[in-house]
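**Q** Protein chains in written order, with my numbering: chain A, 2 to 318; chain B, 1094 to 1350.
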Ligand SMILES: Cc1cc2nc3c(=O)[nH]c(=O)nc-3n(C[C@H](O)[C@H](O)[C@H](O)COP(=O)(O)OP(=O)(O)OC[C@H]3O[C@@H](n4cnc5c(N)ncnc54)[C@H](O)[C@@H]3O)c2cc1C
Ligand SMILES: Cc1cc2nc3c(=O)[nH]c(=O)nc-3n(C[C@H](O)[C@H](O)[C@H](O)COP(=O)(O)O)c2cc1C
Ligand code: FES
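#1: If the cut-off is 9 Å on Cβ atoms, which residues from the region 262-296 of chain A count as contacting chain B, listed in chain order?
#2: Under 7 Å from any heavy atom of ligand 2, does the C-beta of residue 1152(B) make it?
#3: Using a cut-off of 9 Å between C-beta atoms, extract the partners of residue 1099(B) located in chain A.
#4: If you measure from the beta carbon of residue 1190(B) to each beta carbon in chain A, is any gap under 8 Å?
#5: Of all the CB atoms in chain A, is at least one closer than 8 Å to the CB of residue 1328(B)?
#6: By the three-class DSSP mapping on this structure, what secondary structure does residue 1086(B) have?
#7: Measure from the C-beta of residue 30(A) to each C-beta in chain B and report whether the shortest distance is under 8 Å.
#8: Quick one, which residues of the region 1130-1146 of chain B are near chain A if we go by CB-CB under 8 Å, in chain order?
#9: Is it a yes or a no for the region 250-257 of chain A touching the region 211-227 of chain A, going by three-plus beta-carbon pairs under 8 Å?
#10: Nearest CA to the CA of residue 128(A): which residue from 159(A), 172(A), 163(A) and 162(A)?
#11: Using CA atoms only, rank isn't needed, just tell me which of 156(A), 85(A), 114(A) and 222(A) is closest to residue 120(A).
#12: If you measure beta-carbon to beta-carbon, which residues of the region 1298-1312 of chain B are closer than 7 Å to chain A?
#13: Please say whether residue 1276(B) and residue 1204(B) have beta carbons closer to each other than 8 Å?
#14: Is the region 101-118 of chain A in contact with the region 1148-1165 of chain B, if contact means three or more CB pairs nearer than 8 Å?
#15: Give the straight-line distance between the Cα atoms of residue 260(A) and residue 239(A), rounded to the nearest whole angstrom.
#16: Using a threshold of 8 Å, state whether the C-beta atoms of residue 1273(B) and residue 1249(B) are closer than that.
#17: Tell whether a beta-carbon distance below 8 Å holds between residue 1187(B) and residue 1130(B).
#18: Residue 1209(B) to residue 1171(B), Cα distance in whole Å?
#19: Alpha carbon to alpha carbon, what distance is there between residue 56(A) and residue 18(A)?
#20: Taking the CB atoms as reference points, tell me whether residue 278(A) and residue 34(A) lie closer together than 8 Å.
#21: Exposed or buried, what is residue 1243(B) when buried is set at 16 or more other beta-carbons lying within 10 Å of its beta-carbon?
#22: Indicate whether at least one CB of chain A lies closer than 8 Å to the CB of residue 1318(B).
#23: Any Cβ of chain B within less than 8 Å of the Cβ of residue 211(A)?
#24: If contact means a Cβ-Cβ distance below 8 Å, which residues of the region 65-89 of chain A contact chain B?
#25: If you measure from each CB to the nearest heavy atom of ligand 1 and keep those under 5 Å, what residues do you get, in chain order?
#26: Starting from residue 103(A), trace the alpha helix (DSSP H) both ways and give me its first and last residue.
#27: At a CB distance below 7 Å, what residues from the region 92-117 of chain A approach chain B? Give them in sequence order.
#28: Is it buried or exposed, residue 24(A), if we count other Cβ atoms within 10 angstroms and call 16 or more buried?
#29: Show which residues of chain C have a CB atom less than 7 Å away from the CB atom of residue 1187(B).
#30: Please report the distance separating the alpha-carbon of residue 107(A) from that of residue 113(A).
#31: In angstroms with no decimal places, state the Cα-to-Cα distance between residue 202(A) and residue 274(A).
#32: Which residues does DSSP list as the beta-bridge partners of residue 216(A)?
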């Protein structure tokens, strides 16, 4: 008890000497906290609540070669400790994105990670090529969206398809490639290994788990799309388990996500093997969640005398 | 002026208006100062399993005291939780959200249907020019009606015919031969669709407040879109975000079919 107090008082003033920087495929993030794609737009709306320069990176909403109108509404439904979404990857298309969203993000001292979606290999490659000469630090390839019929999850569930698309994207990419894995598979280490074999530079996981909600009063589906992707604290134990499994199956750095609400949750993912973590649904419950979680990670480090955050990555074996 | 914040408010008073409609007055440090009629707030639940804030329209604004009034119907777990709060309780809220109604018009009819009535009260209070109010209810439980009376002539339509005109708000306009150059309305989509048609046929302008399921409440997640007539400049497709571009839209902007 008295030892603890001593520790606190000697190191609490030393937060500036903590090393919170982590490295994803050669790109240094000032701290492990990034935003989860699709929950944060391209950052402009949340910049009214959070200084984006406090974040390791901003991962944008998925962008395709042309604008996508997305699914009919209702697109979301709350569930116990989570939510279902079937936004359907609505996005303004790469042209407007490049003109408007990248210049906006460049005003901040944070890494720009663009999430890419498509229906076909050609569509993914077209977007990746377009981004080649833009000031973008990393690309995250969403092969795991449960809410679009072709592309998305169809790629993400078959190891051979994962390897092929990873190779195709890598062959045209100028930035390092993060493949975003689907949890809607029997064994996530198979798709993880396939992405590694295809040349991925990093992996992010997990995307949402396919779910359903029925409004029993109306005898109708809660979502127009019938099914949607489950996110939020309800999926966290599944996500931690998958991060742990993948960390032990591949050598690539991982961005872990799924229900992270606090700094403690983030630490849990890092101990399971994630190098960085993404905050998604938590933004809806607290618009300041990203910056708060970054601060809470520092507080945890101080409390436990951790000077370098990299010490804890994968420390629980 | 349009700065949004999340803060902890304190409930100064609560009321039960009908069997399932409740009200609360919340003292805020800043949101009330920034609020305009027709905007809404996202109100957070205390129960942690309910992650998403509930969008509730601002019913009245007292800038001097920094107090907002919300009037809501208990329809589920979140609104049930709100109905159990009492004066002195703290509550987290984010706002003001959305655009609000335009307040300049020579001669306006404000229309509210059911739980779309509350936001029209502050509009009635701040509206310049001649104001008539038409309220649509299911039955004789005419909540908030008397509170509109100091600001406008108030007409009522009820589905069961127990008060005012039997039928909907359009029936009440016709029955009372009301005229205006602008209609501003909040209510269920079938009502808004009827108003859009009536306004178009009669050469009247109309502003309609829409509702949709929301997650972020600030325009980031694209959960809450409604169909738009033209390609929207932000989304680059034919839809607009109710939480950010709305909830109030000019009738020509949106597709209600
Ligand atoms: C811009 C706007 C303004 C609103 N203003 C008012 C108001 O002034 N008074 C009032 O009584 N109601 C208002 N509503 C509707 C109100 O948001 C819902 O009734 C409320 O969220 C229901 O929450 P619940 O937990 O009780 O219901 P549940 O059904 O348990 O809620 C589950 C989820 O669905 C969402 N939800 C359920 N019904 C609606 C709905 N009709 N619209 C949007 N989301 C919904 C909830 O927010 C929650 O995320 C407004 C909605 C919008 C979009
Ligand atoms: C509303 C919403 C939209 C999303 N859109 C995308 C998307 O466009 N691309 C993507 O790769 N993941 C998308 N996701 C998945 C998240 O990035 C994340 O993987 C998942 O929600 C789990 O994290 P969380 O529990 O912290 O939200 C979306 C999630 C939500 C809730
Ligand atoms: S609720 Fe997220 S965009 Fe409107």
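In this text, a Cβ means the ideal position worked out from N, Cα and C, and glycines have one as well.
**A** So, to answer that:
#1: In summary, the residues of the region 262-296 of chain A whose CB is separated from some CB of chain B by less than 9 Å are 262, 282, 283, 284, 285, 286, 287, 288 and 289, in the order they occur in the chain.
#2: False, no ligand heavy atom lies under 7 Å from that Cβ.
#3: Per Cβ cutoff of 9 Å: 50, 287, 288 and 289.
#4: Chain A, which has no Cβ nearer than 8 Å to the Cβ of residue 1190(B), makes this no.
#5: Chain A, which has a Cβ nearer than 8 Å to the Cβ of residue 1328(B), makes this yes.
#6: Limits of chain B in this structure are 1094 at one end and 1350 at the other, which puts residue 1086(B) out of reach.
#7: With 8 Å as the cut-off, residue 30(A) does not count as an interface residue toward chain B.
#8: Taking 8 Å as the Cβ-Cβ cut-off against chain A, the residues of the region 1130-1146 of chain B that qualify are 1137, 1141, 1142, 1143, 1144, 1145 and 1146.
#9: Here the region 250-257 of chain A does not lie against the region 211-227 of chain A, with fewer than 3 beta-carbon pairs under 8 Å apart.
#10: With distances taken between Cα atoms, residue 128(A) lies closest to 172(A).
#11: Taking only the C-alpha atoms, the option nearest residue 120(A) is 156(A).
#12: Hits within the stretch, in order: 1305, 1306, 1308, 1309, 1311 and 1312.
#13: It is a contact, given that the beta carbons lie within the stated cut-off.
#14: Because the criterion of three Cβ pairs below 8 Å is not met, the region 101-118 of chain A and the region 1148-1165 of chain B do not touch.
#15: About 10 Å.
#16: With respect to the 8 Å criterion, residue 1273(B) and residue 1249(B) are not classified as neighbours on the basis of their beta carbons.
#17: Cβ atoms of residue 1187(B) and residue 1130(B): not closer than 8 Å.
#18: Approximately 18 Å, taken between the alpha carbons.
#19: Taking C-alpha positions only, residue 18(A) is separated from residue 56(A) by approximately 17 Å.
#20: If you check the CB distance, residue 278(A) and residue 34(A) come in under 8 Å.
#21: Around the CB of residue 1243(B), fewer than 16 other CB atoms lie within 10 Å, so the residue is classed as exposed.
#22: It does: the Cβ of residue 1318(B) has a partner Cβ on chain A nearer than 8 Å.
#23: Taking a beta-carbon distance threshold of 8 Å, residue 211(A) does not count as an interface residue toward chain B.
#24: Under the 8 Å Cβ criterion, the region 65-89 of chain A contributes 68, 69, 70, 71, 74, 75, 76, 77, 78, 79, 81, 82, 83, 84, 86 and 88.
#25: Every residue whose beta carbon comes nearer than 5 Å to a heavy atom of ligand 1 appears here in chain order: 79(A), 1133(B), 1145(B), 1147(B), 1148(B), 1149(B), 1150(B), 1165(B), 1166(B), 1168(B), 1169(B), 1170(B), 1171(B), 1172(B), 1208(B), 1211(B), 1304(B), 1306(B) and 1340(B).
#26: Membership of residue 103(A) in the alpha helix (DSSP H) is indicated by the continuous run 103-107.
#27: Closer than 7 Å at the C-beta level to chain B, one finds these residues of the region 92-117 of chain A: 93, 94 and 97.
#28: The Cβ neighbour count for residue 24(A), taken over all protein chains shown within 10 Å, is under 16; the residue is labelled exposed.
#29: Given the protein chain composition of this structure (A and B), no chain C is represented.
#30: One C-alpha to the other measures close to 8 Å.
#31: It is roughly 16 Å from the alpha-carbon of residue 202(A) to the alpha-carbon of residue 274(A).
#32: DSSP output for residue 216(A) lists 221(A) as bridge partner(s).
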